[in-house]
Amino acid sequence: MTLAGFVPLSLCDYPGRVASVLFTQGCNFRCPWCHNPHLVPAEPHGGTAACDAETVIDALASRRTRVDGVVVTGGEPTLHAGLPAFLRRLHALGLRIKLDTNGSRPAVLRALFAERLLDYVAMDVKAPWTRYASLTGTPACDIAALRASVALIAGAGVAHQFRTTRVDPLLSGSDYAAIRLQIPAGSPHVWQAFRPDACLAPELCAARAGCDSERV
Numbered sequence: 021m022t023l024a025g026f027v028p029l030s031l032c033d034y035p036g037r038v039a040s041v042l043f044t045q046g047c048n049f050r051c052p053w054c055h056n057p058h059l060v061p062a063e064p065h066g067g068t069a070a071c072d073a074e075t076v077i078d079a080l081a082s083r084r085t086r087v088d089g090v091v092v093t094g095g096e097p098t099l100h101a102g103l104p105a106f107l108r109r110l111h112a113l114g115l116r117i118k119l120d121t122n123g124s125r126p127a128v129l130r131a132l133f134a135e136r137l138l139d140y141v142a143m144d145v146k147a148p149w150t151r152y153a154s155l156t157g158t159p160a161c162d163i164a165a166l167r168a169s170v171a172l173i174a175g176a177g178v179a180h181q182f183r184t185t186r187v188d189p190l191l192s193g194s195d196y197a198a199i200r201l202q203i204p205a206g207s208p209h210v211w212q213a214f215r216p217d218a219c220l221a222p223e224l225c226a227a228r229a230g231c232d233s234e235r236v
């Protein structure tokens, strides 16, 4: 596992829990509005991981009385072959595990669900299916895989939410309406505020910030 960051304590990243947050390095999407552009490359700047996995495990074990959950986010965590083994170690500590994902690798999600390693999953649904490839900068974007992940998460029987960032410079009202129809009935859908302070596409940094997060 290539870990790019570790936040020891968070009150807002895992609904209802006090959690630590782990950031993985590398993402297979190139969303212009990404507010963690340093996590997109497969290798961290300078070629050295910011966090050692063993050190993080030790830190989590020592904080077990102060946190009851851990969020694994990115980047895209499911790109890492070592993710299942790493989650098993977190699970052995008695921590509840929340995974943030872009949904591009449903086979990985299916395996993690089968092992009951996930207690909460948040998937970003970034655009209408018809615009996904262009807006995520991935011409070979596998829409069938994304749809499979949506269905898998919605039917897995674990806490979950789907999230969409309102990027008004790139998405329109009709786009938002189309996105809403992609969310299964009964699944929580959270509209997130666009953060223009740090974007993968520098031209978006001058754009107006989005609205506050809204849950529907």
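Plus 20 on top of the position in the sequence shown (first one is 1) and you've got the working numbering.
Even glycine gets a Cβ: it sits at the ideal position worked out from N, Cα and C.
Computed from a predicted structure; not experimentally measured.
Sheet register partners of residue i (DSSP bridge)
i, result
"L166", "None; L166 has no bridge partner."
"K146", "None, per the DSSP bridge assignment."
"Y140", "K118, A179"
"C71", "L23"
"S30", "A39"
"H58", "BP columns for H58 are empty, so no partner."
DSSP state of residue i mapped onto helix, strand, coil
i, result
"W53", "coil"
"T22", "coil"
"A226", "helix"
"C231", "Bear in mind that a pLDDT of 46 at C231, under 50, signals an unreliable position, so the number given afterwards is only what the model happens to contain. Here C231 sits in coil by DSSP."
"F214", "coil"
"V41", "strand"
"T156", "coil"
"R186", "strand"
"S19", "The question about residue 19 has no answer here: the residues shown for the chain are numbered 21 through 236."
"C219", "coil"
"V236", "Note that V236 has pLDDT 48, beneath the 50 cutoff, so the model's placement of it is unreliable and the number below is only indicative. It is coil, neither helix nor strand."
Sub-8 Å separation of residue i and residue j beta-carbons
i, j, result
"L4", "A153", "Because the chain here runs from 21 to 236, residue 4 falls outside it and cannot be looked at."
"L42", "V92", "yes"
"A73", "F106", "yes"
"L166", "S124", "yes"
"C32", "G94", "no"
"R186", "W211", "yes"
"G114", "R84", "yes"
"P97", "L220", "no"
"L224", "L172", "no"
"Q45", "T22", "yes"
"T121", "M143", "yes"
"T184", "V141", "no"
"D78", "R116", "no"
"C71", "A24", "yes"
"L138", "L119", "yes"
"P104", "E135", "yes"
"I163", "F182", "no"
"P126", "A160", "no"
Where in the region 89-123 do unbroken runs of the beta strand (DSSP E), each at least 3 residues long, occur, reported from the N-terminal end onward?
-> Considered as a whole, the region 89-123 harbours 89-93, 116-121 as its complete beta strand (DSSP E) runs of no fewer than 3 residues, in chain order.
| query | Are three or more beta carbon pairs between the region 212-222 and the region 163-178 nearer than 8 Å? | reply | no
Segment contact, 8 Å Cβ cut-off, at least three pairs: the region 107-120 with the region 57-66:
Flag = no, the region 107-120 and the region 57-66 do not touch.
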